[in-house]
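> In full-length UniProt numbering, the protein residues as written are 1 to 308. Yeah, the Cβ is synthetic: ideal placement off N, Cα and C, and Gly gets one too. Computed from a predicted structure; not experimentally measured.
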Ligand code: HEM
């Protein structure tokens, strides 16, 4: 993911350009919608090596966002019903296949996620049953798994900042000091490496994702052969079990009696190892989110963030 940071920066710059233009024109903007358009274009860059053009054209490309609101992500039948996104996924795979067969186009190909999937397909596709159809399904899932989740995380972060002025002030103070001391640049995007050196910013993002995890589902797993024991409970093989982040991440025995409050400082007080272990906003284990470095912390343009 970090290989693609420069492309996320392009999206961040475009996003901030429009925000500044709206601000100068005194226009009201639907920030939630814009965050989702930003997220879709980021996923386009990461997965398919190009933006869909949500932000360039300032519109809901092919009504993807409107369609997301009427389906339940991760429910296969509902996903299959979304013909236009399925067609987009198919087109992305077919276009890439054509480009790979064209020597002139091959030299411009970026090693994005789609390209890495083609590498898996070429090297061991038959062995692991990774067909072009499976690749299309992965692309289709990524359009949902990557965009909606990222947008929800950013919306949650802005919501909690806007409704907690004291936290907002503390976060701005950290940014002011980091600008003054040169930890972050006075213009241009903040890199991932720089962003993770901002403890309060990171704590704020984590706290927002704790209280409002993007995936409010149980992330099911099948009990393996031999069964499973959880405490006193024995669960036979083949059963489906799961945990919802929105339950675990409110647990008072882990996060304290104020677990329902938005308090980023909890992440900066003493040993947080146990709390960290109980954060499953990106899932856990072998099926953990492949985009988690994009979601945390998201890249932005420091100089302009400061002016907003
Ligand atoms: C803040 C942003 C994000 C959040 C909160 C998030 C959250 C999640 C969660 C909870 C899962 C299920 C993990 C599990 O079952 O253990 C998941 C899976 C996945 N995510 Fe993300 N995600 C985010 C961003 C992204 C991005 C940007 C991409 C792609 C570019 C992405 C691609 C995927 C894929 C492909 C899977 C399925 C992995 C598998 O089944 O092996 N996600 N994500």
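What I want to know is whether the C-beta of residue 255 ends up closer than 6 angstroms to one or more non-hydrogen atoms of the ligand HEM.
Here the question's residue 255 lines up with position 255 in the chain shown. Not so, every heavy atom of the ligand HEM lies at least 6 angstroms from the Cβ.
> Within this structure, are the beta carbons of residue 40 and residue 114 separated by less than 7 angstroms?
On the chain shown, position 40 is the one that residue 40 refers to. On the chain shown, position 114 is the one that residue 114 refers to. The answer is no: Cβ separation not under 7 angstroms.
> According to the neighbour-count rule (16 or more other Cβ atoms, all chains shown, within 10 Å of its Cβ), is residue 162 buried or exposed?
The sequence position of residue 162 within the chain shown is 162, counting from 1. Exposed.
> Nearest by alpha-carbon distance to residue 88: which of 25, 270, 63 and 181 is it?
In the chain shown, residue 88 corresponds to position 88, counting from 1. Per the Cα distances, 63.
> For the 8 angstroms Cβ check, are there 3 or more pairs between the segment 2 to 22 and the segment 122 to 130?
At 8 angstroms Cβ cutoff, the stretches do not touch.
> Look at residue 151 and residue 35 and say whether their C-beta atoms are less than 7 angstroms apart.
One-based indexing of the chain shown puts residue 151 at position 151. One-based indexing of the chain shown puts residue 35 at position 35. Yes, they are a contact pair.
> Pop quiz: residue 264 and residue 168 are said to be a contact at Cβ under 8 angstroms. What is the actual Cβ separation, rounded to whole angstroms?
Position 264 of the chain shown, counted from the first residue, corresponds to residue 264. Position 168 of the chain shown, counted from the first residue, corresponds to residue 168. Contact flag wrong, Cβ pair sits at about 11 angstroms.
> Below 8 angstroms on the Cβ atoms is my contact criterion, and I expect residue 226 with residue 237 to pass it. Report the Cβ-Cβ distance as a whole number of Å.
As a first step, residue 226 must be located in the chain shown, where it is residue number 226. As a first step, residue 237 must be located in the chain shown, where it is residue number 237. Yes, they are in contact, since the Cβ atoms of residue 226 and residue 237 sit about 6 angstroms apart, within 8 angstroms.
> By the 10 Å Cβ neighbour count, where 16 or more other Cβ atoms means buried, how is residue 233 classified, buried or exposed?
On the chain shown, position 233 is the one that residue 233 refers to. Flag for residue 233 reads exposed.
> Could you check if residue 287 belongs to the surroundings of the ligand HEM, using beta carbon to heavy atom distance under 6 angstroms?
Counted from its first residue, the chain shown places residue 287 at position 287. Residue 287 Cβ: within cutoff of the ligand HEM.
> Can you name, in chain order, every residue of its own chain whose Cβ lies under 7 angstroms from the Cβ of residue 44, other than the five neighbours on each side?
As a first step, residue 44 must be located in the chain shown, where it is residue number 44. Around residue 44: 50, 51 and 52.
> Per DSSP, which one or two residues make a beta bridge with residue 108?
If you number the chain shown from 1, residue 108 lands on position 108. DSSP, once it has assigned bridges, lists no residue as partnering residue 108.
> Whose C-beta lies closer than 8 angstroms to the C-beta of residue 268 among residues of the same chain, with five residues either side of it excluded?
If you number the chain shown from 1, residue 268 lands on position 268. So the qualifying residues of the chain are 199, 200 and 203.
> Within the present structure, is the beta-carbon of residue 205 separated from the nearest heavy atom of the ligand HEM by less than 6 angstroms?
Here residue 205 refers to the residue found at position 205 of the chain shown. It does not: the Cβ of residue 205 is nowhere closer than 6 angstroms to a heavy atom of the ligand HEM.
> Jot down the residue ranges of each uninterrupted alpha helix (DSSP H) in the segment 214 to 257, minimum 4 residues, whole runs only, in chain order.
Counting only runs of 4 or more, we get 245 to 248 and 252 to 255.
> If you reduce the DSSP assignment to three classes, tell me which class residue 199 lands in.
In the chain shown, residue 199 corresponds to position 199, counting from 1. The answer is helix: DSSP assigns residue 199 an H, G or I state.
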